[in-house]
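What follows is a short report on a single structure.
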Amino acid sequence: MRPYVYLAAATTLDGRIASATGYSRLSCPIDLRRLHELRARVDAVIVGANTAIVDNPRLTVRYVEGRNPMRVLIDGALKVPTSLRMFDNSAPTLVFTTAKAPAEKIVELRARGVEVYVADGEKVDPAWVLSTLYQRGVRKVLLEGGGRTNWEFLHRCLVDEVVLTITPYIFGRGVSLVEGEGYPTKEDMPYSLVLQSVKTCECGQEVVLTYRVQCKK
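Residue numbers (the working numbering): 1 to 217.
So, in structure tokens, the structure goes:
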């Protein structure tokens with residue numbers, strides 16, 4: 001069993017969630033509120049190491065009323081600094097890593113109340129992460145990237161719904177919504193994306209697309 005997984009992101013017209021320099025503030029205030037409403041509805045928010053390092057997000061609910069979700073970091077080498085804001089005491093934080101993680105970092109984080117799970121293999125399996133969260137009572141998860149983390153979950157058909165905000169910018173290069181090995185053709189995708197809704201943001205400049213992810217197997 002696993003939780004229901006939302007993947008939410010704001011992208012440029014050319015599909016970037018961040019520029020080549022790491023700049024990622026794309027959403028208008030209304031869309032930010034929409035994201036925080038979704039955070040308030042889920043039990044946990046997941047990010048990867050690169051997003052945690054570049055954005056240093058709090059992953060808390062701030063623009064609407066609601067409880068803070070559990071914060072989950074996937075970092076196989078535990079390369080993130082322990083000074084990140086997601087390690088504060090405003091919400092529970094879980095870290096999923098591997099034996100490659102520095103032992104002293106694990107000790108420090110656990111001493112600060114962060115729960116650290118160490119995988120048996122060389123990589124953190126997203127299915128293991130979701131199974132562990134489900135056992136902890138988590139039923140809804142929000143995946144907030146970055147590109148590589150999005151790929152790892154989508155490629156394994158571990159995402160149920162994609163909520164994508166298209167913003168009126170073009171970066172030319174940078175971090176894509178999904179960063180992975182890719183598929184030769186659309187037929188090679190292990191899932192289909194079924195459009196559920198198209199909404200124009202109240203700001204008048206952004207479009208919010210919602211897709212259901214339908215696995216082919």
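All C-beta atoms in this analysis are idealised placements derived from N, C-alpha and C, irrespective of residue type, glycine included.
Exercise for the section: Starting from the Cα of E37, find the closest Cα among Y63, T97, A18 and give me that residue. Expected result: As a position in the sequence shown, residue 37 is number 37, starting the count at 1. Checking every option, the nearest Cα to that of E37 belongs to Y63.
Exercise for the section: Using beta-carbon positions only, say whether P190 and C157 come within less than 8 Å of one another. Expected result: Indexing the sequence shown from 1 puts residue 190 at position 190. Indexing the sequence shown from 1 puts residue 157 at position 157. In contact: P190 and C157 (Cβ atoms closer than 8 Å).
Handout entry: Range covered by the alpha helix (DSSP H) that runs through K105
Key = Position 105 of the sequence shown, counted from the start, is the residue given in the question as residue 105. Per DSSP, K105 belongs to the alpha helix (DSSP H) from 103-111.
Practice task
Pull up the DSSP beta-bridge partners for R71, would you.
Solution key: In the sequence shown, counting from the first residue as 1, residue 71 sits at position 71. Answer by DSSP bridge pairing, in chain order: V45, T93.
Exercise for the section: Using three-state DSSP, classify Q205 as helix, strand or coil. Expected result: Residue mapping note: residue 205 aligns to position 205 of the sequence shown, counting from 1. Looking at Q205 - three-state DSSP - the assignment turns out to be coil, as it is neither helix nor strand.
Handout entry: Where R16 sits in the DSSP three-state scheme
Key = Position 16 of the sequence shown, counted from the start, is the residue given in the question as residue 16. The answer is strand: DSSP assigns R16 an E or B state.
Practice task
Excluding the 5 residues preceding and the 5 following K199 in the sequence, name in chain order all residues of the same chain whose CB lies nearer than 6 Å to its CB.
Solution key: Mapped onto the sequence shown, residue 199 falls at position 199. Excluding sequence neighbours, K199 sits near V208.
Handout entry: Limits of the alpha helix (DSSP H) - the one that E152 falls within
Key = Counting from one through the sequence shown, the residue named residue 152 turns up at place 152. Element bounds for E152: 147-155.
Exercise for the section: Taking only the alpha-carbon atoms, compute the straight-line gap between V141 and S192 and give it to the nearest angstrom. Expected result: For the purposes of this step, residue 141 is identified with residue 141 of the sequence shown, where counting begins at 1. For the purposes of this step, residue 192 is identified with residue 192 of the sequence shown, where counting begins at 1. Each residue's Cα considered, the two are about 20 Å apart.
Handout entry: DSSP-derived helix/strand/coil call for K140
Key = To locate residue 140, count along the sequence shown from 1; it is residue 140. It is a strand residue.
Exercise for the section: Give the DSSP bridge partners of E187, in chain order. Expected result: For this step, residue 187 is matched to residue 187 along the sequence shown. Paired residue(s): none; E187 is not in a bridge.
Practice task
Quick one: grab the DSSP three-state call for Y23.
Solution key: Residue numbering aside, residue 23 sits at position 23 when the sequence shown is read from its first letter. The answer is coil: DSSP assigns Y23 none of H, G, I, E or B.
Practice task
With DSSP as the reference, label T98 as helix, strand or coil.
Solution key: For the purposes of this step, residue 98 is taken as residue 98 along the sequence shown, with counting starting at 1. Coil at T98, not helix or strand.
Handout entry: Supposed close pair T12, Y183 - CB separation, criterion 8 Å
Key = Start at 1 with the first residue of the sequence shown, and residue 12 comes out as number 12. Start at 1 with the first residue of the sequence shown, and residue 183 comes out as number 183. Not really, about 22 Å apart at Cβ, beyond 8 Å.
Problem - Beta-carbon contacts of R41 that lie in its chain and below 7 Å, excluding the five residues immediately before and after - result: Against the sequence shown, residue 41 aligns to sequence position 41. Taken in chain order, the residues that qualify are K140.
Problem - A103 to L7 span [Cα, whole Å] - result: Taking the sequence shown and counting its residues from 1, one reaches residue 103 at position 103. Taking the sequence shown and counting its residues from 1, one reaches residue 7 at position 7. Answer to the nearest angstrom: the Cα atoms are 31 Å apart.
Problem - Own chain partners of T210 with C-beta closer than 6 Å, once the 5 adjacent residues on each side are dropped - result: The residue you call residue 210 lines up with position 210 of the sequence shown. Cβ neighbours of T210 beyond the five flanking positions: V163, Q196, S197.
Handout entry: Secondary structure of T60, DSSP reduced to three states
Key = For the purposes of this step, residue 60 is identified with residue 60 of the sequence shown, where counting begins at 1. Three-state DSSP puts T60 in coil, outside helix and strand.
Problem - Where the alpha helix (DSSP H) through S131 begins and ends - result: Within the sequence shown, residue 131 is the residue found at index 131, counting from 1. Its alpha helix (DSSP H) spans residues 126-135.
Problem - G107 burial status per 10 Å Cβ neighbour count (16 or more: buried) - result: Looking up residue 107 in the sequence shown gives position 107. Residue 107 is actually Val in this sequence, not Gly. Label assigned to V107: exposed.
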